[in-house]
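The structure appears right after this line, and notes come after that.
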Amino acid sequence: MKISDLAVIIDSLERPDGDIDVSDLAYDSRQAKPGSVFFAVPGIQVDGYQFIDQAVENGAIAVVVERLRDDLASSIIQLKVEDSRRALAQASDKFF
Numbered sequence: 764m765k766i767s768d769l770a771v772i773i774d775s776l777e778r779p780d781g782d783i784d785v786s787d788l789a790y791d792s793r794q795a796k797p798g799s800v801f802f803a804v805p806g807i808q809v810d811g812y813q814f815i816d817q818a819v820e821n822g823a824i825a826v827v828v829e830r831l832r833d834d835l836a837s838s839i840i841q842l843k844v845e846d847s848r849r850a851l852a853q854a855s856d857k858f859f
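When you read off a place in the sequence shown, starting at 1, and then add 763, the result is the number in this note's numbering.
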């Protein structure tokens with residue numbers, strides 16, 4: 764799947780340029796790997812937003828967020844959505 768296709772599927776407010784291949788989807792930053800997209804899903808105890816840096820260090824090429832990060836490297840694609848949990852479900856339905 765291309766990152767531009769993923770952006771459409773999850774109704775991202777951001778539309779990335781280019782046709783970068785997505786190799787995997789992850790909502791656990793420890794499972795992120797090169798080519799994956801990390802979904803920063805807020806939880807009751809922990810907010811996935813806190814683990815964006817770890818996901819990027821592990822090779823994530825993009826992050827799906829409910830609020831953009833100003834301090835993230837410009838090489839990392841940010842896909843802003845209203846509900847990252849819903850976006851993960853939509854993406855998983857089409858990806859797997």
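Glycine included, each C-beta is placed from N, C-alpha and C at the ideal position.
Assigned exposure category for residue 781 - 16 Cβ within 10 Å defines buried: Counting from 1 along the sequence shown, the entry for residue 781 is found at position 18. The C-beta of residue 781 has fewer than 16 other C-beta atoms within 10 Å across all chains shown, which makes the residue exposed.
As assigned by DSSP and simplified to three states, the class of residue 799: Start at 1 with the first residue of the sequence shown, and residue 799 comes out as number 36. The three-state reading of DSSP puts residue 799 in strand, counting E and B together.
Contact check, residue 772 vs residue 841, beta carbons under 8 Å: By one-based count along the sequence shown, residue 772 stands at place 9. By one-based count along the sequence shown, residue 841 stands at place 78. Remark: C-beta atoms of residue 772 and residue 841 do not approach each other more closely than 8 Å.
Nearest neighbour of residue 790, chosen from 807, 831, 847 [CA to CA]: Position 27 of the sequence shown, counted from the first residue, corresponds to residue 790. Measuring from the Cα of residue 790, the nearest candidate turns out to be 847.
Beta-ladder partner(s) of residue 856, from DSSP: Position 93 of the sequence shown, counted from the start, is the residue given in the question as residue 856. In DSSP, residue 856 forms no bridge with anything.
Distance CB(residue 779)-CB(residue 792) smaller than 8 Å: Locating residue 779 in the sequence shown gives position 16, where the first residue counts as 1. Locating residue 792 in the sequence shown gives position 29, where the first residue counts as 1. The Cβ atoms of residue 779 and residue 792 lie no closer than 8 Å to each other.
Residue 775 versus residue 817 - alpha carbon distance: In the sequence shown, counting from the first residue as 1, residue 775 sits at position 12. In the sequence shown, counting from the first residue as 1, residue 817 sits at position 54. Here the alpha carbon of residue 775 sits roughly 22 Å from the alpha carbon of residue 817.
Through-space distance from residue 819 to residue 825, alpha-carbon basis: To locate residue 825, count along the sequence shown from 1; it is residue 62. To locate residue 819, count along the sequence shown from 1; it is residue 56. Between residue 825 and residue 819, the C-alpha separation is close to 8 Å.
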